[in-house]
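Following: one structure in structure tokens, then a few remarks.
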Amino acid sequence: MKTLVLAVLNLLLLLILPATAFGQQSLISDPEIYEKKHFEAQCKAAEFADGFVTRQDINNDGLIDAVVNEGELTCDGQKGPQCNDDGCTYNFYLQVAEGGYFMIATAQIYGYDFVQRFGNMVLAMKMHPRFCDRTEGDPCIVTARVRGTKFVTISKK
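Mapping of the sequence shown onto mature numbering (1 follows the signal peptide of the UniProt record, and there is no 0): residues -21 to -1, 1 to 136, in sequence order.
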């Protein structure tokens, strides 16, 4: 009986979720305002350092995108409350020509550099060594390019 109930629930989820899971993400007018409102609602006292939002073209389309570094947030006196041994949460937003932004990725990283490789700007993200199949040592450098709306890994060192 328990198996039958689970099977029925799974079937219902399969019928309902595709419509919601594959729906188009809503555009937001400004990631900085969106993220700050989110943390101001979560924290009694939220403070944002200058490096909280970086605006730059991360996908080589000529539009200025946004990267939010949650490590530059102080929430109720705690700097970077979601930072841990894997780094801090970074949210990557792309701007679209029609106006507005949408989030394409969230990554737990130590930081990133924006560098030119073979004529294209790419992100060289500093990550925990395990992302390069190591248990310790220097941070792993994962180089990725944004193609369309996806991060494409170019190399791991």
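Backbone N, C-alpha and C define an ideal beta-carbon position, used for all residues, glycine too.
Q: Going by CA-CA distance only, name the one from Thr122, Met106, Ala123 that's closest to Glu115.
A: Met106
Q) By the 10 Å Cβ neighbour count, where 16 or more other Cβ atoms means buried, how is Pro10 classified, buried or exposed? A) buried
Q. Three or more beta-carbon pairs under 8 Å between the stretch 57 to 67 and the stretch 80 to 89, yes or no?
A. yes
Q: Report all residues from its chain with a CB closer than 7 Å to the CB of Val121; omit the five preceding and five following residues, and keep chain order.
A: Met104, Met106, Phe110, Thr132, Lys135
(Q) Taking 8 Å as the threshold (C-beta atoms), are Leu102 and Gln74 in contact? (A) no
Q | Length at least 3, wholly inside the stretch 16 to 49: the beta strand (DSSP E) runs in chain order | A | 25 to 27, 32 to 35, 44 to 48
Q. So what does Ile7 bridge to, in DSSP terms?
A. Tyr80
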